[in-house]
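Peer 1:
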């Protein structure tokens, strides 16, 4: 029994709280996805006012294509 307790203790020392890490990763994904939605909305608004041929806008369209 003591040996099992020692093994359990050692396992717990090496373990990582995956639920906490997973929760942080999910939260970051949600934040990034929300920001992407905002940027896509802004892009759609700008696309209504400007075309890729507009000289001051052209470099941004080229950068976004990468």
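In our numbering, the protein residues as written are 440 to 505.
All residues carry an ideal CB built from backbone N, CA and C; glycine is no exception.
Note that the structure is a prediction, hence the values are computed from the model and not measured.
When you compare only the Cα positions, how much space is there between residue 477 and residue 485?
Peer 2: 12 Å
Peer 1: Taking just the CA atoms, how far does residue 495 sit from residue 481?
Peer 2: 17 Å
Peer 1: What would DSSP say about residue 491, mapped onto helix, strand or coil?
Peer 2: Coil.
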